[in-house]
Amino acid sequence: MADMQLLAASGAETAAQIAAGEVSADEVLDFWLSRAANDRLNGYLWKSGPESAREGGAPGGPLSGVPIAIKDIFCTEGVPTTAASRILGGYVPPYTATSVSKTAAAGMPMLGKTNMDEFAMGSSNENSAYGACLNPWDTERVPGGSSGGSAAVVAGGLAPWALGTDTGGSIRQPAGFCGIVGLKPTYGAISRYGMIAFASSLDQCGPLTRNVTDAALLLEVLQGRDEMDTTSVGIEGGIKAPTAERLDGMTFGVPRGLIGEGIEAGVLARFEDTLIRIAELGGEIVDIELPHAGHAISAYYVLAPAEASTNLSRYDGVRYGLRSSDEDLLSMYELTREEGFGPEVKRRIMLGTYALSSGYYDAYYGRAQKVRTRIVEDFDSAFAKVDFVVTPTSPTVAFRLGEKTADPWTMYLSDVFTVPISLAGIPAISIPAGLAEPDGGGPELPVGFQIAAPAFSEQKLIEASHALEQAIGFDGSAALEGGAR
Amino acid sequence: MSTEYEAVIGLEIHVQLSTRTKMFCGCELSFGDEPNVHTCPVCLALPGVLPVPNEKAVQYALQIGAALGCELSPVSTFDRKNYFYPDNPKAYQITQATYPFAVNGRLGEVRIHHAHLEEDAAKTIHTGGGGRISGSDASEVDFNRGGTPLVEIVTEPDLRSGAQVREWGQLLRATIRQLGVSDVNMEEGSLRCDANISVRPVGSDELGTKTELKNMNSFRFIERGIEAEVTRQKEVIAAGGEVEQETLHFDPSTGELHSLRSKEEAHDYRYLPEPDLVPVVPSPETLEMAKSSLPELPAARARRYEEIGVSGQAALLLSFEVEWAEYFEGVLEAGTGIDPRVAANWVTGELAAELRRQDDRPLAESKVGPAALATLINMVAEKKISHGSGKSVLEEMVSSGAEPESVVAEQGLEQISDSGELERIVIQAIEDNPKPAEQVRSGNEKAIGALVGAVMKATQGRADGGEVNRLLRQHLGL
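Here the protein sequences line up with chains P and Y, keeping their order. Last residue of the first sequence: 485 (the numbering used here), numbering continuous. Last residue of the second sequence: 963 (the numbering used here), numbering continuous.
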């Protein structure tokens, strides 16, 4: 089979070709390993050798032979796992995350571990201790974050599909920036066991794929209750590949109050185009309000750092990872954390520690929890009226490397549409809605369209996304070859 | 007139649960194994792991809550208590700070504020530098203990003295031991007690500034530590000073108190709800079972024994140790018509003393079964042998396990039941001891003791004391 055909095939198509004997699993693996070996995006932090990759995927699984890239936040036994942090430099876990065990059991060899923002804290992948990852559409731009590596390798033809994690938009935003599909399932749909924790009440694993069908297939592999994670419940009835072509009878709520300032003209244009597509497919567009969603970023940047500050206290240089000094215990602790964590991680540890401090708890953490509850209620009322809530995935297309690093608040605002959904714990998907020029001009870049649905209604979400995806007919092939040298 | 001060004491008691595995992972719990053999990614807090609560521990905890008369919470939640120390690999302890599993109880005269579930820290050993981490040459950590399920019981400040704390602590220990949910061994650390101590003018409702006395490993030391601290606080106030909030350690070998940390050095634990765990919601059946499966607990048992005539002291002794209670009830069952008060005195008095004398033998290894003791008690009650002979029979029974009848027969201890024979011996004794006889006749009744002694000597203790007394008095014309 010609390389171009292998490169262009989705995960589902590749699985079908292997099952039909049109191509062997070895051929597929060799092709993707050589693509990954020529990564020019800094998308991979670690790449499998042929042997280790072959061992990874069990034969006879439903997706046997289709390799997968894994965000470096998932622990993999015998394979370095750093969460893109210096503090975990050289760390090799003795166990494997449930999600990775599941992809392996489904027959998927692991291509490698993908780049990310350190401990999943960031929206551009520039917070990686191992260098920024580049956007395959324009290598002077960021792929988004924190699952920037996973998005870039899928969009840039370095992997058929990938696993990422989403805390405040870390799957959806990079999927939007890179012109692919990113699905954040309901909190609790997939086990978090073995996912290095950032903000435990928000972190959720999900797929980054070429299309909605692939996302559905991966979600079916990943979802389920795990004895090792008491917050996991799975999705009742499981997930099937989508077939819907129309949106008749479905209502889509648009929170106009949220979609205002700071949004790029091109992004807004593609968003409005997509609303017209929805109407053409028989869907109804309804204006809704999410009165408290405007406070989501503020609440999120209290809650997530608070949880992060406690989750990251364990990195002390004693039992694993970096150890900076051996002089005495206290200076070892201090120097290890000083040298091991990057600036954004330190900023959030300090924010979170402060927010939880005695005397400040009610004013910050307690208040933010109340906002979170209000946002949950906002979505509950919205879903009493509509089937879905839709927004652009991000207010802008992919920005330039270095463009927002000086101003954390501007960077945080790129998650303004994704964070409310994370706080509500509900599922959402980003699908490519077309290309748009950035404000200030330049070549066109992908725009993501976000669809959110009530908790555990992933099947409905996937069906609607599939119908819309077919109508949009986005072509991502321009980036596909560019990922490899 | 100087003000009288009273002590006000509340306790925080940690109970290690004797589950097979740890609180949040499947590692086995066992005391005294090689260091760090019972560990896994979860209890070592490797990146990415999550806790899974031990259902058995929850069940045990609920039993403790029920035994302490608490309201069992239909929903309880876990929190993170953040502190950075080598014994705590997550850098936070999972505990229940806001919604504990049990609230508002009472044991004896002490109200229980609440009881909550948490996990134990690992064991640290600091070598050099006086056993503290600062200044030590090396610190070693054994994670075998890390993650052991703990129930922390917090009382209201209802205790008033070290002696009361010791007695109440023993009742609490006996109560939990009986549930079979903990070894409650203070030396091994499966029961640990901290005391919050303050003093206030008698009659005042306000609480003074408290100090915390940490982690003493016997109730005797707790009693002494509390008394020392109460005395110190009273002296501080008497000298016009103010008690300062601090954490103290009592050294039982010197009787001295050392400050571990002052108020300024107190931790800010930055509690937050534990996002990795869903709330504990026991089923109504589980809650019901925790209450209905309770055995008869020491306090109730002591009351029941007192109601059947057992003296207060013996009733308490029997109630604290379930095996003694069972033994005592075995005696009552085997000996028809036996007086519970007499039986209790034999069990807690003569038998306990004899076992102690003979190699400090535990009751479980006693060669004297309840039925044999009942036979012996009956022989004394029916005056077949004297009380004194009874004791020497018991000595032989404890040492050889022989039946009381055969010991009595072998040693010829059968009481002299022929009153003619006894009368002859009594008359002989009066004749042989004219001096005390004369004293008794002239009104000094105490002198009769010498004559009783003479009769007992002549009969080798086989005479019934009451009968001897009666005969002596008769022949002395009283």
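The beta carbon of each residue, even a glycine, is placed where N, CA and C say it ideally should be. These numbers were taken from a predicted model, which means no experiment stands behind them.
Could you tell me which of the options sits nearest to residue i, measuring between CA atoms?
i, options, result
"residue 25(P)", "36(P), 37(P), 6(P), 41(P)", "6(P)"
"residue 967(Y)", "641(Y), 527(Y), 688(Y)", "Residue 967(Y) lies beyond the stretch modelled for chain Y, which goes from 486 to 963, so this question has no answer here."
"residue 401(P)", "85(P), 132(P), 482(P), 288(P)", "132(P)"
"residue 151(P)", "176(P), 167(P), 88(P)", "176(P)"
"residue 918(Y)", "904(Y), 690(Y), 908(Y), 938(Y)", "938(Y)"
"residue 840(Y)", "884(Y), 890(Y), 727(Y)", "884(Y)"
"residue 758(Y)", "274(P), 415(P), 365(P)", "365(P)"
"residue 646(Y)", "895(Y), 494(Y), 808(Y), 812(Y)", "494(Y)"
"residue 680(Y)", "706(Y), 857(Y), 813(Y)", "706(Y)"
"residue 96(P)", "339(P), 351(P), 195(P)", "195(P)"
"residue 905(Y)", "921(Y), 930(Y), 956(Y)", "956(Y)"
"residue 305(P)", "168(P), 465(P), 331(P), 288(P)", "168(P)"
Compute the distance between the beta-carbons of residue i and residue j, then report whether it is under 8 Å.
i, j, result
"residue 171(P)", "residue 114(P)", "no"
"residue 393(P)", "residue 422(P)", "no"
"residue 761(Y)", "residue 200(P)", "yes"
"residue 560(Y)", "residue 545(Y)", "no"
"residue 68(P)", "residue 162(P)", "yes"
"residue 225(P)", "residue 234(P)", "yes"
"residue 258(P)", "residue 309(P)", "no"
Residue i lies in the alpha helix (DSSP H); which residues open and close that run?
i, result
"residue 207(P)", "Looking at the DSSP string, residue 207(P) is not in any alpha helix (DSSP H); the run it does join, the beta strand (DSSP E), is 204 to 209."
"residue 4(P)", "3 to 8"
"residue 378(P)", "367 to 385"
"residue 826(Y)", "825 to 830"
Could you spell out the range, first to last residue, of the beta strand (DSSP E) harbouring residue i?
i, result
"residue 171(P)", "No beta strand (DSSP E) holds residue 171(P); DSSP gives it neither H nor E."
"residue 47(P)", "44 to 47"
"residue 895(Y)", "Segment 889 to 896 is the alpha helix (DSSP H) holding residue 895(Y); no beta strand (DSSP E) there."
"residue 961(Y)", "From DSSP, residue 961(Y) is part of no beta strand (DSSP E); its letter is neither H nor E."
"residue 245(P)", "Element bounds for residue 245(P): n/a, residue is neither H nor E."
"residue 747(Y)", "741 to 747"
"residue 701(Y)", "696 to 701"
"residue 681(Y)", "676 to 686"
"residue 567(Y)", "564 to 567"
By how many angstroms is the C-alpha of residue j removed from the C-alpha of residue i?
i, j, result
"residue 18(P)", "residue 314(P)", "44 Å"
"residue 753(Y)", "residue 599(Y)", "22 Å"
"residue 502(Y)", "residue 822(Y)", "42 Å"
"residue 468(P)", "residue 281(P)", "8 Å"
"residue 478(P)", "residue 137(P)", "7 Å"
"residue 268(P)", "residue 254(P)", "12 Å"
"residue 455(P)", "residue 215(P)", "17 Å"
"residue 731(Y)", "residue 662(Y)", "32 Å"
"residue 871(Y)", "residue 657(Y)", "40 Å"
"residue 621(Y)", "residue 396(P)", "56 Å"
"residue 518(Y)", "residue 628(Y)", "11 Å"
"residue 522(Y)", "residue 453(P)", "47 Å"
"residue 121(P)", "residue 205(P)", "15 Å"
"residue 719(Y)", "residue 684(Y)", "7 Å"
"residue 297(P)", "residue 347(P)", "16 Å"
"residue 389(P)", "residue 290(P)", "10 Å"
"residue 926(Y)", "residue 945(Y)", "26 Å"
"residue 39(P)", "residue 116(P)", "15 Å"
"residue 631(Y)", "residue 303(P)", "28 Å"
"residue 486(Y)", "residue 725(Y)", "Since pLDDT at residue 486(Y) reaches only 48, below the 50 mark, its modelled position is unreliable, and no value is offered."
"residue 505(Y)", "residue 864(Y)", "47 Å"
I want to verify the contact list: residues of chain Y whose CB lies under 8 Å from the CB of residue i, in sequence order.
i, result
"residue 193(P)", "533, 534, 535"
"residue 307(P)", "757, 760"
Please list the partners that residue i has in chain Y, where partner means a Cβ-to-Cβ separation under 9 Å.
i, result
"residue 103(P)", "Going along chain Y, no residue has its Cβ under 9 Å from residue 103(P), so there is no contact; the nearest lies around 16 Å."
"residue 117(P)", "Simply none; closest approach about 16 Å."
"residue 230(P)", "535, 536, 537, 538, 761, 762, 763"
For residue i, return the contacting residues in chain P, with the cut-off set at a CB-CB distance below 7 Å.
i, result
"residue 567(Y)", "310, 313"
"residue 602(Y)", "Simply none; closest approach about 14 Å."
"residue 753(Y)", "357, 358"
"residue 574(Y)", "314, 319"
Can you pull the chain P residues whose beta carbon is under 8 Å from the beta carbon of residue i, in chain order?
i, result
"residue 577(Y)", "310, 313"
Which residues in chain P sit within 9 Å of residue i, going by Cβ to Cβ distance?
i, result
"residue 456(Y)", "Given that chain Y is displayed from residue 486 to residue 963, the structure contains no residue 456(Y) and the question cannot be resolved."
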